[in-house]
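J.:
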Amino acid sequence: MLFERAIYFLERVGQNIRQDAFINLVTISTIAITLLILSTFWLCFLNLNTFLQNWGEKIQITAYLNERTSPEQLEELKGKIREIPGIKEMSFISKDQALKLFREQLGGQDGLLEGLNSNPLPASWEIQLQQDYQNSEKAAEIVGKLKGFKEIEDLQYGQRWVERFSIFLNLLRLATFFIGGLLILATIFIISNTIKLSVYARKEEIEIMKLVGAADWFIKIPFFLGGILQGLIGASIAMVILYSIYKFLIDAISPVMSLSLGAGGLTFLPWNHIYWFLLGGMLLGLAGSFTSLGRHLR
Amino acid sequence: MIQMFHVYKSYLRNTNALEDINLRVEKGEFVFLTGPSGAGKTTLLKLLFCAERATRGQILVNGRNIARIRESSIPYLRRNIGVVFQDFKLLNNRTAFENVALALEVIGARRKEIKSKVWKTLKMVGLQHKINTKPLRLAGGEQQRIAIARALVNDPAILLADEPTGNLDPDLTIEIINLLKDINARGTTVMIATHNQALVEKLHKRSLVLDKGKLLN
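Chains as they are written, first to last, in my numbering: chain A, 785 to 1082; chain B, 365 to 581.
#1: For G798 (chain A), would you say it is in contact with chain B, using Cβ-to-Cβ distances shorter than 9 Å as the test?
#2: Would a check of beta-carbon distances place K980 (chain A) closer than 9 Å to chain B?
#3: Who are the Cβ neighbours of K494 (chain B) in its own chain at under 7 Å, not counting the five residues just before and after it?
#4: Anything in chain B within Cβ reach of F1002 (chain A), meaning under 7 Å, just list it in chain order.
#5: Report buried or exposed for F1007 (chain A), applying the criterion of at least 16 other Cβ atoms within 10 angstroms of its Cβ.
#6: Short of 8 Å in beta carbon distance, which residues of its chain neighbour S950 (chain A), apart from the five on each side in sequence? Order them along the chain.
#7: On the DSSP letters alone, give me the boundaries of the beta strand (DSSP E) that M555 (chain B) sits inside.
#8: Quick check: the segment 792 to 804 of chain A against the segment 1016 to 1031 of chain A, are at least 3 beta-carbon pairs closer than 8 Å?
#9: Straight-line CA distance for A562 (chain B) to D526 (chain B)?
#10: Kindly list the residues whose CB is nearer than 7 Å to the CB of N808 (chain A), restricted to its own chain and excluding five residues on each side of it in sequence; keep chain order.
#11: Work out the CA separation of F1052 (chain A) and G1046 (chain A) for me, nearest whole Å.
#12: By the criterion of Cβ-Cβ separation under 9 Å, what are the contact partners of Y440 (chain B) in chain A?
#13: For V464 (chain B), which of helix, strand or coil comes out of DSSP?
#14: Looking only at C-alpha atoms, which of A:S1076, A:E989, A:I979 sits nearest to A1090 (chain A)?
#15: Quick check on K498 (chain B): does DSSP put it in helix, strand or coil?
#16: List the whole-angstrom C-beta distance separating I510 (chain B) from L491 (chain B), where the pair is believed to meet the contact cut-off of C-beta under 8 Å.
#17: Inspect the beta-carbon positions of I1017 (chain A) and T814 (chain A) and report whether they are closer than 9 Å.
#18: Quick check: what's the CA-CA separation for I812 (chain A) versus F413 (chain B)?
#19: Given that K665 (chain B) touches chain A, what residues does it touch there, using C-beta distances under 9 Å?
#20: For L500 (chain B), which residues from the same chain have a beta carbon less than 6 Å from its beta carbon, with the 5 sequence-adjacent residues on both sides left out?
#21: How would you label K405 (chain B), buried or exposed, when you count the other beta carbons within 10 angstroms and need 16 or more for buried?
#22: So, for D575 (chain B): in the same chain, excluding its five sequence neighbours on each side, which residues have a beta-carbon less than 6 Å away from its beta-carbon?
#23: Can you list, in chain order, the stretches of the alpha helix (DSSP H) that have 4 or more residues and sit fully within the segment 474 to 526 of chain B?
#24: Helix, strand or coil for I1021 (chain A)? Go by DSSP, reduced to three states.
#25: So which residues on chain B does R1083 (chain A) lean against when the C-beta distance must stay under 8 Å?
#26: Using the C-alpha atoms, what's the distance from S982 (chain A) back to I817 (chain A)?
#27: Could you tell me the alpha carbon to alpha carbon distance between L849 (chain A) and T960 (chain A), rounded to whole angstroms?
#28: Applying the criterion that 16 or more other CB atoms from any shown protein chain within 10 Å of the CB defines a buried residue, is A467 (chain B) buried or exposed?
#29: Report yes or no: do three or more beta-carbon pairs, one from the segment 864 to 875 of chain A and one from the segment 899 to 913 of chain A, lie closer than 8 Å?
#30: Given 8 Å as the limit, is there contact between the segment 408 to 426 of chain B and the segment 368 to 377 of chain B, that is, 3 or more CB pairs closer than that?
#31: Which residues in chain B sit within 7 Å of I801 (chain A), going by Cβ to Cβ distance?
#32: How many Å lie between K453 (chain B) and E988 (chain A) at the Cα?
#33: Which class does Q914 (chain A) belong to by DSSP, given the choice of helix, strand or coil?
#34: Secondary structure at Q450 (chain B), three-state DSSP: helix, strand or coil?
#35: Can you list the residues of chain A that R388 (chain B) reaches, using a CB-CB cut of under 7 Å?
#36: Pull up the DSSP beta-bridge partners for Q857 (chain A), would you.
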């Protein structure tokens, strides 16, 4: 009985799609375009996030030294730092070297330094971490230990750059949600209108069905199913197009990109995200039919 | 079978499409509802299958008060009332079989049952040989017989017909009326709205006369 019903509804969906091929095409394209834009944003976000993580892991610690540190203390400190687990190598930058580097960075503007009587820049150790310690958690641990030495006045470990990039990523995520929200609303609006058209095209049929005693849900179900099916098709198309674009980009610029992005390179959406997009498409289609049928069947 | 008590229907304030209607139609009766165009015949029929709701008054159909029926119960009421219109209201892109089957599909009948019932009903209206023909390839009288078959396939207790012969020539009119008489003879209560006075006089059946929304005695 239930099976026969299901078959009946599916047949009706098929009939509806065949009869209003153009309207259905418009709906499917709308869903596909919306989800393509959203998934493109999302894919960019995911890859930038991976990129950030890769870079965040390449943490280098700079330990600025106290002015009054004597050469003997310096040697002693070097030995102590070396004993901390996770330190790969360290190079010393003296006050003079620091000033020289600074001059180089200033380029033509080095006249600014003319008035200086003494060198204000501190000497420092640049400390590289071992592979296993190259994440912000472990780095923070090491920084904590370094803070314990009175000869070290200040510590810097690329955190600021990572934080700034995180802010950018958060903005991107926010933009994705905002634009996504608007797109979804617009899509629901368009779908609800296309479904209204298709309800209108079947006005006579719906009237007759009601006349012979069809319950409201019986009339609505094929439209809901149609919406869900359109959503699924639209979302699948979006995923296929996104993958094609991704594949094209990878093949075209991969050699350059993988250099700057590190070993990870570009990745496509993971499967579970693809499922979410497919589900999202179906919900979009359902929401569209829901909003149009609520009032329109009276 | 059908009773109305002090029923009013108004679309605009101060003008009544129907005014203080009181009537009683017995089970198995065959009645005409007559009167000039605009007298309120169609409105009265619409109240009976809840296409319109009465402004005031009580309406009993098959023992049930439908004046205050819930929106969600209307489909179930309609399954017990067959309705036939002047313009047939057939789906032109579907065959005779599919048009009649629609009335069974929407109540969730099984395929096998649909097949046999549609066949039987089409045979009763004499169109079993046109089962796969679409309405536009049928004559007017045949189209109306398909519509009657659709109204009857559920075995309703009541058949309402709104000017069922309005689009048909005199020969076909007799044919359709005879069919409706047959149906009535099988026990279905039949109510026909028509302004064709000659038809009413020829049949010697009870007729309710409406004029300007009021029932005349």
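Cβ coordinates follow ideal geometry from the N, Cα and C atoms, glycine included.
In this text the structure is predicted, and so the values were computed from the model without any measurement.
T.: According to the data block:
#1: The count along the first sequence starts at 1 and reaches residue 798 (chain A) at position 14. Closer than 9 Å: no.
#2: The sequence position of residue 980 (chain A) within the first sequence is 196, counting from 1. Cβ-Cβ to chain B under 9 Å: no for K980 (chain A).
#3: Here residue 494 (chain B) refers to the residue found at position 130 of the second sequence. If we look at K494 (chain B) and ignore the five residues flanking it on each side, its Cβ neighbours are A460, L502, E506.
#4: The count along the first sequence starts at 1 and reaches residue 1002 (chain A) at position 218. Within 7 Å Cβ-Cβ: V470.
#5: Position 223 of the first sequence holds residue 1007 (chain A). So F1007 (chain A) counts as buried.
#6: Your numbering for residue 950 (chain A) matches position 166 in the first sequence. Here the set comprises L836.
#7: Within the second sequence, residue 555 (chain B) is the residue found at index 191, counting from 1. Counting along the chain, the beta strand (DSSP E) containing M555 (chain B) begins and ends at 553 to 558.
#8: no
#9: As a working note, residue 562 (chain B) is residue 198 in the second sequence. As a working note, residue 526 (chain B) is residue 162 in the second sequence. Each residue's alpha carbon lies about 16 Å from the other.
#10: Counting from 1 along the first sequence, the entry for residue 808 (chain A) is found at position 24. The residues are I801, Q1014.
#11: Numbered from 1 along the first sequence, position 262 holds the residue referred to as residue 1046 (chain A). Numbered from 1 along the first sequence, position 268 holds the residue referred to as residue 1052 (chain A). Bear in mind that a pLDDT of 49 at G1046 (chain A), under 50, signals an unreliable position, so the number given afterwards is only what the model happens to contain. Whole-angstrom Cα-Cα distance: 16 Å.
#12: Along the second sequence, one-based indexing puts residue 440 (chain B) at 76. Those are G997, A999, listed as they occur along chain A.
#13: Translated into the one-based positions of the second sequence, residue 464 (chain B) becomes position 100. In the structure shown, V464 (chain B) sits in a helix (DSSP, three-state: H, G or I).
#14: Since the first and last residues shown for chain A are 785 and 1082, residue 1090 (chain A) lies out of range.
#15: Counted from its first residue, the second sequence places residue 498 (chain B) at position 134. K498 (chain B) falls in the coil class under three-state DSSP.
#16: If you number the second sequence from 1, residue 510 (chain B) lands on position 146. If you number the second sequence from 1, residue 491 (chain B) lands on position 127. With 8 Å as the limit, I510 (chain B) and L491 (chain B) qualify as a contact, their Cβ atoms being about 6 Å apart.
#17: For the purposes of this step, residue 1017 (chain A) is taken as the residue at position 233 of the first sequence. For the purposes of this step, residue 814 (chain A) is taken as the residue at position 30 of the first sequence. Taking 9 Å as the Cβ cut-off, I1017 (chain A) and T814 (chain A) do not qualify as a contacting pair.
#18: For the purposes of this step, residue 812 (chain A) is taken as residue 28 along the first sequence, with counting starting at 1. For the purposes of this step, residue 413 (chain B) is taken as residue 49 along the second sequence, with counting starting at 1. When rounded, the distance between both Cα atoms is 39 Å.
#19: Since the first residue of chain B shown is 365 and the last is 581, residue 665 (chain B) is not available in this structure.
#20: Against the second sequence, residue 500 (chain B) aligns to sequence position 136. If we look at L500 (chain B) and ignore the five residues flanking it on each side, its Cβ neighbours are N456.
#21: Residue 405 (chain B) sits at position 41 when you count from the first residue of the second sequence. Buried.
#22: Here residue 575 (chain B) corresponds to residue number 211 of the second sequence, with the count starting at 1. Closer than 6 Å at Cβ, skipping near neighbours: G399, A403.
#23: 475 to 488, 504 to 516
#24: Here residue 1021 (chain A) corresponds to residue number 237 of the first sequence, with the count starting at 1. Here I1021 (chain A) sits in helix by DSSP.
#25: Because residue 1083 (chain A) is not part of the residues shown, which for chain A are 785 to 1082, the question remains open.
#26: Indexing the first sequence from 1 puts residue 817 (chain A) at position 33. Indexing the first sequence from 1 puts residue 982 (chain A) at position 198. Each residue's alpha carbon lies about 21 Å from the other.
#27: In the first sequence, the residue the question calls residue 849 (chain A) occupies position 65. In the first sequence, the residue the question calls residue 960 (chain A) occupies position 176. Roughly 44 Å between the two C-alpha positions.
#28: As a position in the second sequence, residue 467 (chain B) is number 103, starting the count at 1. A467 (chain B) should be labelled buried.
#29: yes
#30: yes
#31: As a first step, residue 801 (chain A) is located in the first sequence; it is residue number 17 there, counting from the start. The contacting residues do not exist; I801 (chain A) stays about 15 Å from chain B at best.
#32: For the purposes of this step, residue 453 (chain B) is taken as residue 89 along the second sequence, with counting starting at 1. For the purposes of this step, residue 988 (chain A) is taken as residue 204 along the first sequence, with counting starting at 1. In a straight line, the C-alpha of K453 (chain B) is about 8 Å away from that of E988 (chain A).
#33: The sequence position of residue 914 (chain A) within the first sequence is 130, counting from 1. Note: Q914 (chain A) maps to coil in three-state DSSP.
#34: Taking the first residue of the second sequence as 1, we reach residue 450 (chain B) at position 86. Correct three-state label for Q450 (chain B): coil.
#35: In the second sequence, the residue the question calls residue 388 (chain B) occupies position 24. What R388 (chain B) touches in chain A: nothing, since even the nearest Cβ is about 25 Å away.
#36: Looking up residue 857 (chain A) in the first sequence gives position 73. Q857 (chain A) pairs with nothing; no bridge assigned.
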